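Visitor: For the protein sequence lines, the chains are C and G, in the order given. In this text, residue positions in the first sequence follow the working numbering: the first is 285, and each later residue adds one. In this text, residue positions in the second sequence follow the working numbering: the first is 285, and each later residue adds one. Idealized CB from N, CA, C, for every residue including glycine. These figures come from a predicted structure and were not determined experimentally. I have a structure I would like to understand better, so I am pasting it below and will then ask my questions one at a time.
2 protein chains.
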Amino acid sequence: MIFSKACEYGIRASVYIAQKSVSKERCNIKDISKEIDSPEAFTAKILQTLVHAQIIQSVKGAFGGFEITQKNLRKIKLIDIAIAIDGTLYDKTCVLGLKHCSENQPCPVHNQFKHIKKDLLCMMQNTHLLAMSTSVEAGLSCLKIA
Amino acid sequence: MIFSKACEYGIRASVYIAQKSVSKERCNIKDISKEIDSPEAFTAKILQTLVHAQIIQSVKGAFGGFEITQKNLRKIKLIDIAIAIDGTLYDKTCVLGLKHCSENQPCPVHNQFKHIKKDLLCMMQNTHLLAMSTSVEAGLSCLKIA
DNA sequence: TTTAATTCGGATAAAATTGTCCTATTTAAT
DNA sequence: ATTAAATAGGACAATTTTATCCGAATTAAA
Ligand code: SF4
Ligand code: SF4
Numbered sequence: 285m286i287f288s289k290a291c292e293y294g295i296r297a298s299v300y301i302a303q304k305s306v307s308k309e310r311c312n313i314k315d316i317s318k319e320i321d322s323p324e325a326f327t328a329k330i331l332q333t334l335v336h337a338q339i340i341q342s343v344k345g346a347f348g349g350f351e352i353t354q355k356n357l358r359k360i361k362l363i364d365i366a367i368a369i370d371g372t373l374y375d376k377t378c379v380l381g382l383k384h385c386s387e388n389q390p391c392p393v394h395n396q397f398k399h400i401k402k403d404l405l406c407m408m409q410n411t412h413l414l415a416m417s418t419s420v421e422a423g424l425s426c427l428k429i430a
Numbered sequence: 285m286i287f288s289k290a291c292e293y294g295i296r297a298s299v300y301i302a303q304k305s306v307s308k309e310r311c312n313i314k315d316i317s318k319e320i321d322s323p324e325a326f327t328a329k330i331l332q333t334l335v336h337a338q339i340i341q342s343v344k345g346a347f348g349g350f351e352i353t354q355k356n357l358r359k360i361k362l363i364d365i366a367i368a369i370d371g372t373l374y375d376k377t378c379v380l381g382l383k384h385c386s387e388n389q390p391c392p393v394h395n396q397f398k399h400i401k402k403d404l405l406c407m408m409q410n411t412h413l414l415a416m417s418t419s420v421e422a423g424l425s426c427l428k429i430a
């Protein structure tokens with residue numbers, strides 16, 4: 285629903301790393317997967333993708349781990365993570381999965397759905413990583429339940 | 285994205301069958317999959333699901349096929365088809381895939397997303413099968429592209 | 001009654017997604 | 001130098017989703 289499992293983990297991991305990075309702390313995959321309740325090895329793979337996409341940074345070796353630059357903390361938005369992991373959103377397939385649909389050749393739900401699609405994209409573009417992490421830090425939201 | 289492939293085919297097939305049912309025509313799986321551009325055997329499986337869910341009706345044997353009752357033509361909405369095929373929407377997993385999240389224990393995007401989620405659900409509840417089929421019949425929308 | 005046109009449903013296959021395991025490599029501390 | 005703690009990345013396994021195939025059952029028409 286909306287995102288793949290990989291993307292869900294990726295977003296949650298990013299928010300956790302961001303939270304730590306605000307106070308200049310680095311975190312390792314073991315902590316991350318524990319704190320966001322996700323499979324460790326699979327999450328590690330996803331983090332690699334995010335490193336390649338230059339959304340997060342990794343430091344190898346002892347006392348290494350993952351971190352997010354102060355610049356990215358402000359720059360990265362939800363949509364950047366989603367695109368890095370799930371690929372281009374909506375371009376390939378939309379609600380009814382029509383190939384090459386358009387305003388001229390729409391599916392029967394296009395007019396109802398286009399607003400929602402716009403809102404969703406807009407929301408992803410306006411949801412900043414830092415905002416998500418401060419919300420968690422303030423105890424207003426969480427990255428796992430129990 | 286939003287729906288599974290199975291659900292996409294299921295919705296498109298339902299709209300096509302509805303379109304035919306308006307003029308009391310019955311259609312078979314060969315026609316359906318040709319007209320909505322979907323894999324025949326897979327679509328047949330999905331239609332079986334919709335028959336079991338009593339959304340469409342099937343008539344076996346020669347000159348048989350699928351049809352939708354006049355009553356269902358008016359009663360069925362997009363959400364009914366989606367639930368029949370993809371199961372309960374959003375209940376299991378939402379944007380960030382948190383288990384047992386709630387207004388009290390929300391993920392960091394809950395406040396931004398809840399409106400979109402409501403709009404989406406609302407749209408599905410208000411999109412009638414008959415409306416979709418008349419839109420296609422009128423040439424205002426289509427179920428396949430080329 | 002035979003035949004042809006259908007859906008039904010079980011078995012299976014292919015592909016994509018999700019997940020695990022293990023070794024190599026890197027790096028800081030001792 | 002050695003060691004311990006990390007990420008990197010390839011190979012593989014499990015699961016889910018998507019898709020195909022085929023024989024059985026049904027039904028109307030010839
Ligand atoms: S809603 Fe619009 S963009 Fe999405 S599948 Fe339908 S026609 Fe295409
Ligand atoms: S948006 Fe709300 S309902 Fe959806 S996963 Fe987040 S907390 Fe749960």
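#1: Contact defined as beta carbons within less than 8 Å: I believe S298/C pairs with I365/C. What is the distance between those atoms, to the nearest angstrom?
#2: Using only the alpha-carbon positions, how far apart do E324/C and I316/C sit?
#3: Grab me the residues of I301/C's own chain with a C-beta within less than 8 Å of its C-beta, minus the 5 sequence neighbours each way, in chain order.
#4: Can V379/C be considered in contact with ligand 1, in the sense that its beta carbon sits closer than 7 Å to one or more heavy atoms?
#5: If we count Cβ pairs, one from each stretch, closer than 8 Å, do we get three or more for the stretch 406-415 of chain G versus the stretch 325-335 of chain G?
#6: Is it the case that the Cβ atoms of Q389/G and I429/C are separated by a distance below 8 Å?
#7: Name the chain G residues that come within less than 7 Å of T411/C, Cβ to Cβ?
#8: As an exercise, report each continuous alpha helix (DSSP H) stretch of at least 4 residues that is fully enclosed by the stretch 345-429 of chain G, in chain order.
#9: Are there any heavy atoms of ligand 2 lying less than 7 Å away from the beta-carbon of H399/G, as far as the coordinates show?
#10: Rounded to whole angstroms, what is the Cα-Cα separation between L334/G and I367/G?
#11: Is V420/G near ligand 4, in the sense that its beta carbon is under 7 Å from a heavy atom of that ligand?
#12: Span of the alpha helix (DSSP H) holding S317/G?
#13: At the 8 Å Cβ level, is F287/C part of the contact set with chain G, yes or no?
#14: Is the distance from the Cβ of L424/C to the Cβ of R358/C below 8 Å?
#15: Assuming K289/C contacts G381/G under a Cβ cut-off of 8 Å, what Cβ separation, rounded to an integer in Å, is found between them?
#16: Check whether chain C comes within 8 Å of V335/G, counting only Cβ atoms and requiring the distance to be less than that.
#17: How close, in whole Å, do the beta carbons of V420/C and P392/G come, if the pair is a contact with beta carbons under 8 Å?
#18: Taking the continuous beta strand (DSSP E) assigned at S342/G, which residues delimit it?
Guide: Reading it off the structure:
#1: Indexing the first sequence from 1 puts residue 298/C at position 14. Indexing the first sequence from 1 puts residue 365/C at position 81. Confirmed, about 6 Å.
#2: Here the question's residue 324/C lines up with position 40 in the first sequence. Here the question's residue 316/C lines up with position 32 in the first sequence. Taking the straight line joining both Cα atoms gives about 8 Å.
#3: By one-based count along the first sequence, residue 301/C stands at place 17. Cβ within range, chain order: C311, I316, I340, F350, E351 and I352.
#4: If you number the first sequence from 1, residue 379/C lands on position 95. Yes; taking the cut-off as 7 Å, the Cβ of V379/C has a heavy atom of ligand 1 nearer than that.
#5: no
#6: Mapped onto the second sequence, residue 389/G falls at position 105. Mapped onto the first sequence, residue 429/C falls at position 145. Yes, Cβ-Cβ distance for Q389/G and I429/C is below 8 Å.
#7: Here residue 411/C corresponds to residue number 127 of the first sequence, with the count starting at 1. Per Cβ cutoff of 7 Å: V393 and Q396.
#8: 354-359, 362-370, 394-410 and 413-421
#9: What you label residue 399/G is simply residue 115 of the second sequence in a count that begins at 1. No, ligand 2 has no heavy atom inside 7 Å of this Cβ.
#10: If you number the second sequence from 1, residue 334/G lands on position 50. If you number the second sequence from 1, residue 367/G lands on position 83. Near 10 Å, if we compare the C-alpha coordinates of I367/G and L334/G.
#11: Ligand 4 is absent from the structure shown, which contains only ligand 1 and ligand 2.
#12: Your numbering for residue 317/G matches position 33 in the second sequence. Per DSSP, the unbroken alpha helix (DSSP H) holding S317/G starts and ends at I313 to I320.
#13: Sequence index remark: in the first sequence, residue 287/C carries index 3 (1-based). Taking a beta-carbon distance threshold of 8 Å, F287/C counts as an interface residue toward chain G.
#14: Translated into the one-based positions of the first sequence, residue 424/C becomes position 140. Translated into the one-based positions of the first sequence, residue 358/C becomes position 74. Against a cut-off of 8 Å, the Cβ pair of R358/C and L424/C comes out as no contact.
#15: The residue given as residue 289/C occupies position 5 in the first sequence. The residue given as residue 381/G occupies position 97 in the second sequence. Confirmed, Cβ separation roughly 6 Å.
#16: Taking the second sequence and counting its residues from 1, one reaches residue 335/G at position 51. For V335/G, the answer is no, since every Cβ of chain C falls outside 8 Å of its Cβ.
#17: For the purposes of this step, residue 420/C is taken as residue 136 along the first sequence, with counting starting at 1. For the purposes of this step, residue 392/G is taken as residue 108 along the second sequence, with counting starting at 1. Contact holds; Cβ gap of about 6 Å.
#18: Residue numbering aside, residue 342/G sits at position 58 when the second sequence is read from its first letter. Run containing S342/G: Q341 to V343, per the beta strand (DSSP E) assignment.
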